[in-house]
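Scroll down for the structure; my scribbles are underneath it.
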Amino acid sequence: MIHFPAGVLENPPSHPARRRPFRLPAGIVRWTIAAIAVLLTVWLQFGAPRQVSYFGNEWLRDVFIKLQVSNAPEPRILVVDIDESSTSALGPWPWPRERIAQLVETLVSTYGARGVALDVFFAEPADHGGDLRLAALAAHGPVVLAQAFDYQAKRPQPLREGVLAGDVGNYAASGVEATGYIANHAGLAHASRVGNIGFIPDDDGTLRRVPLLTTFNGRQYPALALTLINCCSGKPPLALPDTGLVRVDYKRDWSAYTVVTAAEILHEKIDPASVSGRLVVIGSSSMGQGDRVSTPLAANRPGLGVQATMLSTLLDMQEGKAPARWPGALLACLFALGAALLATFAFPRLSAVASLGLLAAVSVAWVTVAYFTSRHDPDFSTTAPLATNLFLLAVAVPYQWQRSQQRSRHLLDTLRQYVAPEVVAQLLRSDIEDPLRPRQLDVTTLIADMEGYTSQVESLPVEDAASLTRDFLDCLTEPVIARQGTLDKYTGDGLVAFWGAPLPVDQHADLALDAAREITRRVERMSQERMAAGFPSLRVRIGIESGPAMAGDFGTSFRSIYTAVGDSVNTASRLEQAARDFSHNVIVGAGTVERATRHSFIPLGERLLRGKEKPTTLFTLCHGDMAPGAAAGQAATEGTPA
44 MIHFPAGVLE
54 NPPSHPARRR
64 PFRLPAGIVR
74 WTIAAIAVLL
84 TVWLQFGAPR
94 QVSYFGNEWL
104 RDVFIKLQVS
114 NAPEPRILVV
124 DIDESSTSAL
134 GPWPWPRERI
144 AQLVETLVST
154 YGARGVALDV
164 FFAEPADHGG
174 DLRLAALAAH
184 GPVVLAQAFD
194 YQAKRPQPLR
204 EGVLAGDVGN
214 YAASGVEATG
224 YIANHAGLAH
234 ASRVGNIGFI
244 PDDDGTLRRV
254 PLLTTFNGRQ
264 YPALALTLIN
274 CCSGKPPLAL
284 PDTGLVRVDY
294 KRDWSAYTVV
304 TAAEILHEKI
314 DPASVSGRLV
324 VIGSSSMGQG
334 DRVSTPLAAN
344 RPGLGVQATM
354 LSTLLDMQEG
364 KAPARWPGAL
374 LACLFALGAA
384 LLATFAFPRL
394 SAVASLGLLA
404 AVSVAWVTVA
414 YFTSRHDPDF
424 STTAPLATNL
434 FLLAVAVPYQ
444 WQRSQQRSRH
454 LLDTLRQYVA
464 PEVVAQLLRS
474 DIEDPLRPRQ
484 LDVTTLIADM
494 EGYTSQVESL
504 PVEDAASLTR
514 DFLDCLTEPV
524 IARQGTLDKY
534 TGDGLVAFWG
544 APLPVDQHAD
554 LALDAAREIT
564 RRVERMSQER
574 MAAGFPSLRV
584 RIGIESGPAM
594 AGDFGTSFRS
604 IYTAVGDSVN
614 TASRLEQAAR
624 DFSHNVIVGA
634 GTVERATRHS
644 FIPLGERLLR
654 GKEKPTTLFT
664 LCHGDMAPGA
674 AAGQAATEGT
684 PA
């Protein structure tokens, strides 16, 4: 018998003592990437400066606000607008204080407003009688005057206009530190209630938060809407966040508020029932007044609308109608943890494109969660889990792709000539860290050989001998590969193959028997063709046994080969040799008989095989499992199926 290794992989020339570079285990790397991805969300939620995730977070919140905004009427608030029609009918701004006092008095006395807040301040005195009348209303009536604090720290000359009033000391919140102010003149400094209308736009110029409480020179001053709520709603004062800074809940658009003009109030053209019991804000939406701000709903809205929105927000808080508080930051961290765990387990089993699709689906899921959570938590970062996904996209996906490429090259180089393509594909999709590492597996080994090979080829020319060998090996190889077998090696005129490695296969015994049946049929056809051409007949001898074996890459620094070693492999070799003494082409061991579920067998008795201490029971396949020619040779020794 001629033996030569074929399909053996040659490693690149290297020195035997050369060591492979140290690499961290892939599992440790994947878990490290996942931990960093989760910590990124945690940091953005609890430790990052506000500017870090500012634009993405606020942009996404603005989108949510536009999707959630309502035009449902707000019946608790009346907005009195000193608009262009009013200034056209009653004269240009600024109006005499007498007219302002008349407007306030009409709202309180004639229309029965619950309280009136003015979104304008009067830094300079005007007509004496009007100032006195307005001061009396502010001192004794449900009226709130305005003053504006400045929060710019780098202003060359701090603002100090008018006389501050309205400081309070009953809030535990620290408030927002102011650097200056514009207040009313001294004649209005004794007003009972004064509220701040100053604001702090975000870095992009959009007004999203207002200071409900401002600290200046150690004293605290409430916002205009807060002062009006506390003085005139008839309910206990509101508790404020520690910083005193509150996000404006733009859940109602400008069209949701009842807006009347100042001229209509002064001319008493409004139904008193539509005003009675409401809280009133007086201001101007006129472009000429310059009181315009950018909000999440529009780039150019009247500041009067922000005051009305803040008043509506505070009324909801006071009446218990505000959305219940959700732990948005905790939800974001848990979601990021789930996304990282999913990626850690799924990426090794997915292609790069599928991994991208998974991250996209997870991101859409988070945006959906953030959409509903944003109404219940104004402070958490809506984009922090998206940063986790972006990190996974930038690091985890390329790393897993690189790992897949390395594994693909190694597996393809080692197994392409030995294993069926579908088995290689399954290995590439699996998450086995090193599928070629030697492992103890339950396998079925098939060893096939041509009987009388030497006598067949010694009388043939070299070309004909080579052709006979190739054709015969084709008859052996194709059935093995077609039935997911692993080709171990060629032995010149035969082969060694096994099933159950590198991937476990439940029906490895039946698959090996299927291959043996097909091999005998192919060899029988080949033999008949050669006999018709005047050549001697051919016979294949096959030994099959199942049992535990060590399967893996047992190569060296010079040469690598994937093979299986063990007692069952040795037994299969002895069974193939024992076939010389039988007319049966296939000799099967007891281990294969125990594991087979789709085949029937004929017992051939016991025999003491070489290297065995105890006799081994031999079997062969029944007639229906053999080629016609092989079945005919069994007739003399047929027994009862096992």
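Just so we're aligned, residue 44 is where the sequence shown starts under the working numbering, counting upward by one.
The beta-carbon is built from N, C-alpha and C at its ideal position, and this holds for glycine as well.
Since we're looking at a predicted model, the values are computed, not measured.
Collapsed DSSP secondary structure at residue i in the structure displayed
{"i": "Glu311", "result": "coil"}
{"i": "Leu503", "result": "coil"}
{"i": "Gln677", "result": "In this predicted model, Gln677 has a pLDDT of only 42, less than 50, meaning its place in the structure is not dependable; the value taken from the coordinates is given anyway. In the structure shown, Gln677 sits in coil (DSSP, three-state: anything other than H, G, I, E or B)."}
{"i": "Asp105", "result": "helix"}
{"i": "Pro118", "result": "strand"}
{"i": "Trp409", "result": "helix"}
{"i": "Ala491", "result": "strand"}
{"i": "Gln263", "result": "strand"}
{"i": "Thr683", "result": "For Thr683, the predicted model reports a pLDDT of 34, less than 50, meaning its position is unreliable; a value from the coordinates is still stated below. Of the three classes helix, strand and coil, the one that applies to Thr683 here is coil, per DSSP."}
{"i": "Cys665", "result": "coil"}
{"i": "His58", "result": "Reliability of the predicted coordinates at His58 is poor, the pLDDT of 38 falling under 50, and the value obtained from them is presented with this limitation in mind. Note: His58 maps to coil in three-state DSSP."}
{"i": "Trp136", "result": "coil"}
{"i": "Val729", "result": "The first residue shown for the chain is 44 and the last is 685, placing residue 729 beyond what the model contains."}
{"i": "Asp624", "result": "helix"}
{"i": "Phe47", "result": "Because Phe47 carries a pLDDT of 33, less than 50, the predicted location of this residue cannot be relied on, and the following value inherits that uncertainty. Phe47 falls in the coil class under three-state DSSP."}
{"i": "Asn343", "result": "coil"}
{"i": "Arg295", "result": "strand"}
{"i": "Asp517", "result": "helix"}
{"i": "Glu167", "result": "coil"}
{"i": "Glu220", "result": "strand"}
{"i": "Pro658", "result": "coil"}
{"i": "Val612", "result": "helix"}
{"i": "Ser337", "result": "strand"}
Boundaries (first-last residue) of the beta strand (DSSP E) holding residue i
{"i": "Ile585", "result": "Val583 to Asp596"}
{"i": "Glu690", "result": "Any answer about residue 690 is impossible in this case: the structure gives the chain only from 44 up to 685."}
{"i": "Arg650", "result": "Phe644 to Arg650"}
{"i": "Asp193", "result": "Val186 to Asp193"}
{"i": "Val548", "result": "Neither: Val548 is in no beta strand (DSSP E) and is coded neither H nor E."}
{"i": "Arg142", "result": "No beta strand (DSSP E) holds Arg142; the alpha helix (DSSP H) holding it covers Arg140 to Glu148."}
{"i": "Gly528", "result": "Careful: Gly528 lies outside any beta strand (DSSP E) and carries neither H nor E."}
{"i": "Gly238", "result": "Val237 to Asn239"}
{"i": "Leu288", "result": "Leu288 to Arg290"}
Proximity winner among the options, relative to residue i (alpha-carbon distances)
{"i": "Glu220", "options": "Gly205, Gly209 and Gly241", "result": "Gly241"}
{"i": "Ser276", "options": "Pro68, Met360 and Gln111", "result": "Met360"}
{"i": "Arg236", "options": "Ala181, Gln200 and Asp314", "result": "Ala181"}
{"i": "Ala594", "options": "Gly90, Ala544 and Val159", "result": "Ala544"}
{"i": "Pro768", "options": "Ala383, Ser417, Ser327 and Phe378", "result": "Summary: the structure shown does not reach residue 768, with the chain confined to residues 44 through 685, and so no result is reported for it."}
{"i": "Val206", "options": "Phe192, Ser217 and Gly218", "result": "Phe192"}
{"i": "Thr356", "options": "Ala316, Ala268 and Leu377", "result": "Ala268"}
{"i": "Gly371", "options": "Arg262, Phe415, His310 and Tyr300", "result": "Phe415"}
{"i": "His642", "options": "His310, His551, Val440 and Trp444", "result": "His551"}
{"i": "Tyr686", "options": "Phe259, Ala639 and Ile645", "result": "It is not possible to answer for residue 686, since the shown part of the chain is limited to 44 through 685."}
{"i": "Asp334", "options": "Leu436, Gly346 and Val407", "result": "Gly346"}
{"i": "Val336", "options": "Gly248, Arg392 and Ile313", "result": "Gly248"}
{"i": "Ala77", "options": "Asp170, Arg251, His228 and Ala389", "result": "Ala389"}
{"i": "Ala403", "options": "Tyr496, Pro391 and Ala386", "result": "Ala386"}
{"i": "Ala196", "options": "Thr222, Pro646, Asp174 and Gly172", "result": "Thr222"}
{"i": "Asp245", "options": "Pro199, Phe423 and Pro339", "result": "Pro339"}
{"i": "Phe434", "options": "Ala69, Val72, Ala80 and Trp74", "result": "Ala80"}
{"i": "Ala232", "options": "Ala351, Asp422 and Ala166", "result": "Ala166"}
CB-CB length for residue i against residue j, believed under 8 Å
{"i": "Gly537", "j": "Leu556", "result": "Going by Cβ atoms, the distance from Gly537 to Leu556 rounds to 18 Å, so no, they are not a contact pair."}
{"i": "Gly209", "j": "Tyr264", "result": "6 Å"}
Residue interval of the alpha helix (DSSP H) (run including residue i)
{"i": "Phe388", "result": "Gly371 to Ala389"}
{"i": "Arg176", "result": "His171 to His183"}
{"i": "Ile76", "result": "Ala69 to Phe89"}
{"i": "Phe434", "result": "Ala427 to Phe434"}
{"i": "Val349", "result": "Gly346 to Gln361"}
{"i": "Gly223", "result": "Note, Gly223: premise wrong, no alpha helix (DSSP H); beta strand (DSSP E) at Gly223 to Ile225."}
{"i": "Ala697", "result": "In the structure displayed, the chain extends from 44 to 685; residue 697 sits before or after that span and is not available."}
Exercise for review: Please determine if the segment 628 to 639 and the segment 605 to 619 are in contact, where contact requires at least 3 C-beta pairs separated by less than 8 Å.
Suggested key: yes
Point to revise | Three CB pairs or more closer than 8 Å across the segment 521 to 528 and the segment 550 to 568 | key: yes
Check your understanding: Counting Cβ pairs, one atom from each stretch, are 3 or more of them under 8 Å apart for the segment 504 to 523 and the segment 617 to 632?
Key -> no
Point to revise | Inter-stretch contact (C-beta, 8 Å, three-pair minimum) for the segment 124 to 133 and the segment 279 to 296 | key: no
Review point. Can you find at least 3 beta carbon pairs, one from the segment 387 to 396 and one from the segment 86 to 93, that sit closer than 8 Å?
Key: no
Check your understanding: Are three or more beta carbon pairs between the segment 421 to 429 and the segment 374 to 394 nearer than 8 Å?
Key -> yes
Exercise for review: Decide if the segment 143 to 158 is in contact with the segment 311 to 325; the criterion is three or more beta carbon pairs, one per stretch, under 8 Å apart.
Suggested key: yes
**Study point:** contact_flag[the segment 299 to 310, the segment 108 to 128] where n(CB pairs < 8 Å) is 3 or more
**Key:** yes
Check your understanding: Taking contact to mean at least 3 C-beta pairs separated by less than 8 Å, is the segment 137 to 145 in contact with the segment 101 to 112?
Key -> no
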